[in-house]
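Undergrad:
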Amino acid sequence: MKAYRWGGPNSGLHLEDIAVPQPSTAEVLIQVETCGLCHSDCHIISGTGGAWIQQRPITLGHEVAGKVIALGESVSEVHIGDRVAVALLGPAGGIGLNYDGGYAEYAVVPVKYLEPIPDNVSFEQASVATDAVATSYHAVVRTGGVTASTTVAIVGLGGLGSIGLRIASLQGAIVYGFDIDSSKFEAAMRDGAKSCFSSLGDAKDVTFDVVVDFVGITSTMTAALEAVKPSGRIVLTGLGDEKLTLPTFSIVHKSVEIRGSLGATKEDLRTVLALISEGKITPDLEEILFSKVNEGLLRLEAGQTKGRLFTRPTLASV
Numbered sequence: 001m002k003a004y005r006w007g008g009p010n011s012g013l014h015l016e017d018i019a020v021p022q023p024s025t026a027e028v029l030i031q032v033e034t035c036g037l038c039h040s041d042c043h044i045i046s047g048t049g050g051a052w053i054q055q056r057p058i059t060l061g062h063e064v065a066g067k068v069i070a071l072g073e074s075v076s077e078v079h080i081g082d083r084v085a086v087a088l089l090g091p092a093g094g095i096g097l098n099y100d101g102g103y104a105e106y107a108v109v110p111v112k113y114l115e116p117i118p119d120n121v122s123f124e125q126a127s128v129a130t131d132a133v134a135t136s137y138h139a140v141v142r143t144g145g146v147t148a149s150t151t152v153a154i155v156g157l158g159g160l161g162s163i164g165l166r167i168a169s170l171q172g173a174i175v176y177g178f179d180i181d182s183s184k185f186e187a188a189m190r191d192g193a194k195s196c197f198s199s200l201g202d203a204k205d206v207t208f209d210v211v212v213d214f215v216g217i218t219s220t221m222t223a224a225l226e227a228v229k230p231s232g233r234i235v236l237t238g239l240g241d242e243k244l245t246l247p248t249f250s251i252v253h254k255s256v257e258i259r260g261s262l263g264a265t266k267e268d269l270r271t272v273l274a275l276i277s278e279g280k281i282t283p284d285l286e287e288i289l290f291s292k293v294n295e296g297l298l299r300l301e302a303g304q305t306k307g308r309l310f311t312r313p314t315l316a317s318v
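The sequence shown begins at 1 in full-length UniProt numbering and counts up one residue at a time.
1) Cβ atoms of V211 and T143: under 7 Å apart, would you say?
2) Restricting to Cα atoms, I'd like to know which of Q55, A107, S277, G94 is closest to K67.
3) Between which two residues does the beta strand (DSSP E) harbouring K229 extend?
4) What residue range is occupied by the uninterrupted alpha helix (DSSP H) comprising E115?
5) Which residues mark the beginning and the end of the beta strand (DSSP E) in which D41 is found?
6) If you pair each beta-carbon of the region 56 to 66 with each one of the region 269 to 278, do three or more pairs fall below 8 Å?
7) Among all the DSSP beta bridges, which residues are the ones paired with D17?
8) On a CA-only basis, which of A173, F310, V121 is nearest residue 319? Give me that one, please.
9) Just the C-alpha distance for P23 and A70, rounded to the nearest angstrom, thanks.
10) Between G161 and the rest of its own chain, which residues show a CB-CB distance below 6 Å, the 5 nearest in sequence each way excluded?
11) Assign F290 to one of two classes, buried (16 or more other C-beta atoms within 10 Å of its C-beta) or exposed (fewer than that).
12) How far does the alpha helix (DSSP H) with R270 in it extend, from its first residue to its last?
13) Could you round the C-beta distance between V146 and A126 to whole angstroms and report it? I think they count as a contact, below 8 Å.
14) Go to L285, then tell me how far its beta strand (DSSP E) extends in each direction, as first and last residue.
15) Would Y4 and V293 qualify as a contact pair, given that the criterion is a beta-carbon distance under 7 Å?
16) In the DSSP assignment, find the beta strand (DSSP E) that holds S195 and state where it starts and stops.
17) Verify the CB distance criterion: does V206 have a CB-CB separation below 7 Å to chain D?
18) Who does G263 pair with in a DSSP beta bridge?
19) Spell out a yes or no on whether the region 229 to 243 and the region 254 to 273 are touching, meaning 3 or more CB-CB pairs, one atom from each, closer than 8 Å.
20) How far does the alpha helix (DSSP H) with I167 in it extend, from its first residue to its last?
21) Inspect the beta-carbon positions of A87 and L269 and report whether they are closer than 7 Å.
22) On the criterion of 16 or more Cβ atoms from any shown chain inside 10 Å, does R79 qualify as buried, or is it exposed?
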């Protein structure tokens with residue numbers, strides 16, 4: 001089968017022919033129908049992330065949806081032909097991170113990571129739900145604690161941030177969107193933002209209970225410290241800067257809580273699949289050819305995408 005393999009920092013990502021894997025006990029083999037492209041793969045490939053990945057070489061790709069085509073021993077939770085998405089379990093990692101992933105025609109997955117896809121949710125919607133949608137949900141709801149009584153700032157209205165804004169709105173919160181690209185404001189207003197600004201400093205009359213930073217650079221985090229209320233919460237999800245320099249006096253004086261948020265739980269994935277099924281969230285998607293995965297990742301790294309990119313590995317041999 002065809003698979004994109006990464007061997008470590010500075011090795012690049014290469015399309016190779018490898019054997020189809022076989023499932024062991026409590027595992028299944030899935031035919032990968034769709035796999036989303038994620039900016040975190042850019043960090044891994046470039047060497048700025050992924051030092052903790054022990055398996056090398058490894059097939060990358062962690063936003064995976066497909067069909068079950070073979071069962072390992074002791075598997076009764078799913079059946080051959082089931083449509084499934086693969087949960088990305090936060091710091092615990094998972095497919096494409098701890099073991100071979102979905103930039104391939106087939107993948108072996110522990111059955112405990114699988115979540116059924118609702119009938120009216122497409123494979124491409126399900127694959128990006130595993131990370132982009134579920135990660136945003138986890139950051140806003142689980143980590144941020146955003147509810148109907150919350151005034152929240154969503155910083156960065158890209159792939160994750162735009163979804164995070166929509167989720168905050170569905171929670172009933174008062175939501176403000178922030179991005180240096182004002183062309184994103186119209187969509188944010190449709191998704192429930194009360195108002196949008198180019199920077200937190202422009203929202204001078206608003207005090208925020210929670211700021212969710214999907215950018216993650218020193219300037220956005222410093223601005224978040226200024227904008228959040230005393231004893232408020234800042235959720236850091238973006239990885240824009242490898243290191244941050246923050247004003248310690250502001251953190252201590254205002255008793256601000258700063259929490260990192262990575263990935264999601266299987267329950268989060270189940271929730272966002274239901275929201276997509278109900279039509280409450282509609283991911284903005286763009287398909288690229290499987291042969292163009294490297295080009296797609298370069299576009300992600302350069303910020304030249306509007307929605308979430310995905311590919312169909314099943315077409316690799318067509």
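The beta-carbon is built from N, C-alpha and C at its ideal position, and this holds for glycine as well.
TA: According to the structure shown:
1) On the sequence shown, residue 143 is found 143 positions in, with the first residue counted as 1. On the sequence shown, residue 211 is found 211 positions in, with the first residue counted as 1. Not a contact, by the Cβ cut-off of 7 Å.
2) Here residue 67 refers to the residue found at position 67 when the sequence shown is read from its first residue. The candidate whose alpha carbon is nearest that of K67 is A107.
3) Here residue 229 is taken as the residue at index 229 of the sequence shown, counted from 1. In the DSSP assignment, K229 falls within the unbroken beta strand (DSSP E) covering 228 to 236.
4) As a first step, residue 115 is located in the sequence shown; it is residue number 115 there, counting from the start. Per DSSP, E115 belongs to no alpha helix (DSSP H); it is in the beta strand (DSSP E), 114 to 116.
5) Locating residue 41 in the sequence shown gives position 41, counting from the first residue. Note, D41: premise wrong, no beta strand (DSSP E); alpha helix (DSSP H) at 39 to 46.
6) Touching, no.
7) For this step, residue 17 is matched to residue 17 along the sequence shown. Answer by DSSP bridge pairing, in chain order: K2.
8) In this structure the chain extends from 1 to 318, so residue 319 is not present and cannot be described.
9) Taking the first residue of the sequence shown as position 1, residue 23 is located at position 23. Taking the first residue of the sequence shown as position 1, residue 70 is located at position 70. One C-alpha to the other measures close to 7 Å.
10) As a first step, residue 161 must be located in the sequence shown, where it is residue number 161. Only I154, F214 meet the Cβ criterion.
11) Taking the sequence shown and counting its residues from 1, the one referred to as residue 290 is at position 290. By the C-beta density criterion, F290 is buried, having at least 16 other C-beta atoms within 10 angstroms.
12) Indexing the sequence shown from 1 puts residue 270 at position 270. Counted as a single uninterrupted DSSP element, the alpha helix (DSSP H) harbouring R270 occupies residues 266 to 277.
13) One-based indexing of the sequence shown puts residue 146 at position 146. One-based indexing of the sequence shown puts residue 126 at position 126. About 24 Å; that fails the 8 Å criterion.
14) Translated into the one-based positions of the sequence shown, residue 285 becomes position 285. Taken as a continuous stretch (DSSP letters only), the beta strand (DSSP E) holding L285 covers 285 to 288.
15) Position 4 of the sequence shown holds residue 4. Position 293 of the sequence shown holds residue 293. It is a contact, given that the beta carbons lie within the stated cut-off.
16) For this step, residue 195 is matched to residue 195 along the sequence shown. Taken as a continuous stretch (DSSP letters only), the beta strand (DSSP E) holding S195 covers 195 to 197.
17) Judged by its chain identifiers, the structure shown contains no chain D, having just a single protein chain.
18) Here residue 263 refers to the residue found at position 263 of the sequence shown. In DSSP, G263 forms no bridge with anything.
19) Contact holds: three or more Cβ-Cβ distances are below 8 Å.
20) In the sequence shown, counting from the first residue as 1, residue 167 sits at position 167. In the DSSP assignment, I167 falls within the alpha helix (DSSP H) that extends over 159 to 170.
21) As a first step, residue 87 is located in the sequence shown; it is residue number 87 there, counting from the start. As a first step, residue 269 is located in the sequence shown; it is residue number 269 there, counting from the start. Yes, these two residues count as a Cβ contact at 7 Å.
22) Stepping through the sequence shown from its first residue, residue 79 is reached at position 79. Arg is not the amino acid found at residue 79; the sequence shown has His there. The residue in question, H79, is exposed, as its Cβ has fewer than 16 Cβ neighbours within 10 Å.
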